[in-house]
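Here is the structure we will look at, set down as structure tokens.
Residue numbers (our numbering): 168 to 359.
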């Protein structure tokens, strides 16, 4: 459920950049005027719009989320620095806080993407470890059955009686016998 919420949140943050970039590209003259008023060169209008649009689409699609989140957070921080640094103006203060919230959302997108990549790595390593353990357990059980069969055969050949074997030191605790059928117990933290 948390992954679904993170995807929805990432998509909603991406919409801000998609619409902002598309708006800048549709009104290049207004974008140039705004950029020049901040003291930056007018030639940044088209690259800025393209960056916002492409990065927003990448974030929405989940493509290179960590890199895109870092780049967009840096871009948003620069926007605060160049366009919303007048904290005395209430409107600029609100815009600065909105951009800080966007940076926080991008940090969460980065962290969530990082968490899931580590989760998949750990899960794949664990699957390999479990497969190796199961294979070792099957080998031990086969060796144990072979040793028991050999002991029975030796006892029958020598004319002796077959004595029931005592339980060996290796008895898996996860296997319980119900009506003669081995059943593996599931470990649960809560029983409901």
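Glycine included, each C-beta is placed from N, C-alpha and C at the ideal position. All values derive from a computational prediction rather than experimental measurement.
Quick check on residue 251: does DSSP put it in helix, strand or coil? coil
Euclidean distance between Cα positions of residue 240 and residue 266: 9 Å
Where residue 182 falls, given that 16 or more other Cβ within 10 Å makes a residue buried: exposed
Could you tell me whether the segment 249-257 touches the segment 223-240, where touching means 3 or more Cβ pairs closer than 8 Å? no
Cut-off 8 Å between Cβ atoms - residues of its own chain near residue 202, not counting five sequence neighbours on either side: 208, 209, 211, 212 and 215
Tell me whether residue 256 sits in a helix, a strand or coil according to DSSP, three-state version. coil
Taking buried to mean at least 16 other C-beta atoms within 10 Å of its own C-beta, is residue 236 buried or exposed? buried
On the three-state DSSP scale, how would you describe residue 207? coil
Between the CA atoms of residue 264 and residue 300 - distance to the nearest angstrom: 53 Å
Does residue 325 come out as helix, strand or coil in the three-state DSSP assignment? coil
From residue 262 to residue 245, what does the alpha carbon distance come to, in whole angstroms? 13 Å
Tell me whether residue 293 is buried or exposed, calling it buried when 16 or more other Cβ atoms sit within 10 Å of its Cβ. exposed
Report the three-state DSSP secondary structure of residue 263 (helix, strand or coil). helix
Length of the line joining the Cα atoms of residue 277 and residue 185: 18 Å
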